[in-house]
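Written below as structure tokens is the structure these notes are about.
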């Protein structure tokens, strides 16, 4: 089979993994040296496809032959899809060619399970080794980790790659048993633990060889089963705490061709996925806990963002005086982001904050107005009830993707 | 009214601004021309002689910010900078801060400039030259790019980091830069020949990338607005994948968003795998 034909099949097979980040790698440069590739911590999105997602890495499977029969996966063994397999050299060639063209910043390689978990993992490691050692490639490498593979192989992968990821796949153990009978939460968590220990072993040792310097991540499929957002976010929170994950990716389940009846054949729940990412960002960047974000209902509201939802449920905290409140509290005001908080704090060292300053900072005033006090503004007294505010601030709902669905 | 021309060079503007500040000349009294004289009412008065009596001290961070904002191409490119400098030099540091009306504009320009540098790093595409031509021109890769702001010189070092000893050239409609594997050669005006090489390079290998792009797209998640927001339309025509975008959007809209698979893959014969110890080893 021609390389271009394999590329078509194996890119198509890999697109359901959401992650394409190339950020967080240490500073590396090829200036004046043999080889190719640099990283500086910042990710680069080299293109965007019409689904609005960033293309940062060459994201392919080494092969989509697979012995497993995960119901949500287009490459499960019972799926009637065309199959192909790259040689490690072919992946290397594509990576270097696309990199030279400035189409990508690196490689994200995953694979179907062939022969055994160890054999598959060895093949993935082989590609990374060729890139790093034969071709002096200093760009970004993300390897998918096969959970049941030998920890020694995972450790070797961790020394070559910037990031490793083990997919948790489904938010609950029951879900995994039902939809991915060959996978086990236990071995997935063991693999995460292996990676985490590898990171801890070199932490704080400047001279130690690097181990997954861009951290480990995972992906949870949302909407393939009936799990609620509270379970999903609690699970994510425990992964952040237990394994110091850099990112949990939420992937709205996309219907797959030749779909088994065990998974939905419905449009992916993109808005729900978006709200989960917002909530996740609030947990990682703003210090919210999963429990705080989901008190009343077990699912995040779709019509308002989770930060606004929290503010509406906690009116006693507000209004906050922008000239006095702690920065961490300012960050909880809807419509005011972390960057604006920094800028407000810088500005209030010079002088008093006025309402117009928020206009200049391009804060979302419709959202912020009921929750703030400035030197020349306070919300009109007789505070508006939360239910009324919510009705006023809810986002227009996109029409449900129907019509084309017979 | 003093009318000045700094040839869109920060170093020149900086010298002019230093003299103006030294003589206490108010921002309302000075203008910078951009290209042909654009202020008909300005009766050109010369720059005063000598450094002037006023000794202004401004924070070093301001100079760095002014230099970055100076790369912004737009109205009042240079006079805005002088107004900021004037206010800070006279003790009003809010002129640098995003909350202030003028400071907001300064910060907005800085942001636009750094965004445009990021666009260069992201959306520039090199075309590899075939070996005989590479030997003849002493160039491995060429690219044509159209940045909206003057960021080529300051932002191109990035490619020397990425590409090791590769020799490359980037041409724009204004300036150009060339790297011979060791040093950067920046030209304020791009040599016509560079532009020719960059714009007329044959690229049979681009089909591989276009194939990847088509297949990594998930039509079930169609969201062309997000694409447009992150990758403005002005870049599409220099991207090999640019011409695919409208067609892929169209296909997905015509009801192909039932699932994520590309049509070309669906058209091929599938293969179910029987589970067994020696099975599933494809070639």
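Protein chains in written order, with this note's numbering: chain A, 174 to 579; chain B, 2 to 284. We treat Cβ as the ideally placed atom computed from N, Cα and C, and that holds for glycine.
Can a CB atom of chain B be found closer than 8 Å to the CB of residue 533 of chain A?
Working through the first chain from its first residue, we reach residue 533 of chain A at position 360. Residue 533 of chain A counts as touching chain B.
Would the segment 83-94 of chain B count as touching the segment 179-191 of chain A if we require 3 or more Cβ pairs under 8 Å?
Taking 8 Å as the limit for Cβ pairs, the verdict is that the segment 179-191 of chain A does not touch the segment 83-94 of chain B.
Using 8 Å as the limit for Cβ to Cβ distance, is residue 222 of chain A near chain B?
Looking up residue 222 of chain A in the first chain gives position 49. For residue 222 of chain A, the answer is yes, since a Cβ of chain B falls inside 8 Å of its Cβ.
Give the residues of chain B in contact with residue 190 of chain A, contact being defined as C-beta atoms less than 8 Å apart.
For the purposes of this step, residue 190 of chain A is taken as the residue at position 17 of the first chain. Result: empty, since nearest Cβ-Cβ is about 10 Å, beyond 8 Å.
First and last residue of the alpha helix (DSSP H) that includes residue 392 of chain A?
If you number the first chain from 1, residue 392 of chain A lands on position 219. Counting along the chain, residue 392 of chain A falls outside any alpha helix (DSSP H), though it belongs to the beta strand (DSSP E) covering 389-395.
Please classify residue 222 of chain A as buried or exposed, where buried requires at least 16 other C-beta atoms within 10 Å of its C-beta.
If you number the first chain from 1, residue 222 of chain A lands on position 49. Buried, since its Cβ has 16 or more Cβ neighbours within 10 Å.
Give the secondary structure of residue 80 of chain B by DSSP, where H, G and I count as helix, E and B as strand, and everything else as coil.
Residue 80 of chain B sits at position 79 when you count from the first residue of the second chain. The answer is helix: DSSP assigns residue 80 of chain B an H, G or I state.
Using a threshold of 8 Å, state whether the C-beta atoms of residue 1 of chain B and residue 49 of chain B are closer than that.
The structure shown has nothing for residue 1 of chain B, since chain B only spans 2 to 284.
DSSP three-state label for residue 513 of chain A, please.
Position 340 of the first chain, counting from 1, holds the residue named residue 513 of chain A. Residue state, collapsed to three classes: helix.
Tell me the start and end of each unbroken alpha helix (DSSP H) in the segment 383-461 of chain A that is at least 4 residues and wholly inside, in chain order.
Whole alpha helix (DSSP H) segments, 4+ residues: 402-416, 443-458.
At a CB-CB cut-off below 7 Å, which residues of chain A make contact with residue 100 of chain B?
Against the second chain, residue 100 of chain B aligns to sequence position 99. Correct list: 516, 520, 530, 533, 534.
Check residue 545 of chain A in the structure and name its three-state DSSP category.
For the purposes of this step, residue 545 of chain A is identified with residue 372 of the first chain, where counting begins at 1. Looking at residue 545 of chain A - three-state DSSP - the assignment turns out to be strand.
I need the DSSP call for residue 188 of chain B, collapsed to helix, strand or coil.
For the purposes of this step, residue 188 of chain B is taken as the residue at position 187 of the second chain. Here residue 188 of chain B sits in strand by DSSP.
Helix, strand or coil for residue 577 of chain A? Go by DSSP, reduced to three states.
Taking the first chain and counting its residues from 1, the one referred to as residue 577 of chain A is at position 404. With a pLDDT of only 39 at residue 577 of chain A, under the threshold of 50, the placement of this residue in the model should not be trusted, and no figure is reported.
Going by alpha carbons, who is nearest to residue 332 of chain A out of A:388, A:292, A:350, A:308?
Along the first chain, one-based indexing puts residue 332 of chain A at 159. The shortest C-alpha separation from residue 332 of chain A is found at A:388.
Between which two residues does the alpha helix (DSSP H) holding residue 119 of chain B run?
If you number the second chain from 1, residue 119 of chain B lands on position 118. Residues 102-124.
Opposite residue 310 of chain B in the DSSP bridges: which residues?
Here chain B covers residues 2 to 284 and nothing more, so residue 310 of chain B does not appear.
Label residue 580 of chain A either buried or exposed according to how many other C-beta atoms from any shown protein chain fall within 10 Å of its C-beta, with 16 as the threshold for buried.
Absent from the model: residue 580 of chain A. The displayed extent of chain A is 174 to 579, so no value can be given.
Which residues in the same chain as residue 433 of chain A place their Cβ atom closer than 6 Å to its Cβ, once the five residues preceding and following it in sequence are excluded?
Working through the first chain from its first residue, we reach residue 433 of chain A at position 260. Within the same chain, residue 433 of chain A has close Cβ partners 244.
Is there contact between the segment 178-193 of chain B and the segment 203-223 of chain B, where contact requires at least three CB pairs shorter than 8 Å?
Counting Cβ pairs under 8 Å, fewer than three are found: no touch.
Inspect the CB distances between the segment 400-408 of chain A and the segment 444-454 of chain A and report whether three or more fall short of 8 Å.
Counting Cβ pairs under 8 Å, three or more are found: they touch.
Which runs of the alpha helix (DSSP H) fall wholly inside the segment 202-237 of chain B and span at least 4 residues, in chain order?
Counting only runs of 4 or more, we get 207-217, 225-231.
List the residues of chain A that residue 210 of chain B touches, going by C-beta distances under 7 Å, in chain order.
Residue 210 of chain B sits at position 209 when you count from the first residue of the second chain. Here the neighbours are 271, 274, 276.
Using the C-alpha atoms, what's the distance from residue 29 of chain B back to residue 101 of chain B?
Position 100 of the second chain, counted from the first residue, corresponds to residue 101 of chain B. Position 28 of the second chain, counted from the first residue, corresponds to residue 29 of chain B. About 19 Å.
Ignore the nearest five residues each way along the sequence and tell me which others in residue 250 of chain A's own chain have a CB closer than 7 Å to its CB.
Numbered from 1 along the first chain, position 77 holds the residue referred to as residue 250 of chain A. Within the same chain, residue 250 of chain A has close Cβ partners 239, 240, 241, 242.
Since residue 89 of chain B and residue 99 of chain B should fall inside the 8 Å C-beta cutoff, what is the C-beta to C-beta distance between them, to a whole number of angstroms?
Locating residue 89 of chain B in the second chain gives position 88, where the first residue counts as 1. Locating residue 99 of chain B in the second chain gives position 98, where the first residue counts as 1. So it is not a contact: roughly 14 Å between Cβ atoms.
How about the segment 200-210 of chain A and the segment 303-317 of chain A: do they share at least three Cβ pairs that are nearer than 8 Å?
With a cut-off of 8 Å, the segment 303-317 of chain A and the segment 200-210 of chain A count as touching, because enough Cβ pairs lie within range.
In terms of DSSP beta bridges, what is residue 358 of chain A paired with?
For the purposes of this step, residue 358 of chain A is identified with residue 185 of the first chain, where counting begins at 1. None; residue 358 of chain A has no bridge partner.
When DSSP labels each residue in this structure, what does residue 506 of chain A get in the three-state scheme?
By one-based count along the first chain, residue 506 of chain A stands at place 333. It is coil, neither helix nor strand.
Among A:273, A:420, A:367, A:216, which residue has its Cα nearest to the Cα of residue 458 of chain A?
Mapped onto the first chain, residue 458 of chain A falls at position 285. Ranking A:273, A:420, A:367, A:216 by Cα distance to residue 458 of chain A puts A:420 first.
Of the residues that make up the segment 427-440 of chain A, which ones have a beta carbon closer than 9 Å to any beta carbon in chain B?
Those residues of the segment 427-440 of chain A that come within reach of chain B (Cβ to Cβ, closer than 9 Å) are 427, 428, 429, 430, 431, 432, 438, 440.
Does any C-beta atom of chain A lie closer than 8 Å to the C-beta of residue 91 of chain B?
Along the second chain, read from residue 1 onward, the residue named residue 91 of chain B stands at position 90. With 8 Å as the cut-off, residue 91 of chain B does not count as an interface residue toward chain A.
Apart from the five residues on each side of it in sequence, which residues of its chain come closer than 8 Å, Cβ to Cβ, to residue 56 of chain B?
Here the question's residue 56 of chain B lines up with position 55 in the second chain. Once the five neighbours on either side are set aside, the close Cβ partners of residue 56 of chain B are 23.
Count the other CB atoms, across all protein chains shown, that sit within 10 Å of the CB of residue 64 of chain B; report buried if there are 16 or more and exposed otherwise.
Taking the first residue of the second chain as 1, we reach residue 64 of chain B at position 63. Flag for residue 64 of chain B reads exposed.
Can you give me the start and stop residues for the beta strand (DSSP E) that residue 263 of chain B sits inside?
For the purposes of this step, residue 263 of chain B is taken as the residue at position 262 of the second chain. It is not in any beta strand (DSSP E) - residue 263 of chain B carries neither H nor E in the DSSP assignment.
Does residue 5 of chain B pass the burial test, meaning 16 or more other C-beta atoms within 10 Å, or should it be called exposed?
Looking up residue 5 of chain B in the second chain gives position 4. With 16 or more Cβ atoms within 10 Å of its Cβ, residue 5 of chain B is classed as buried.
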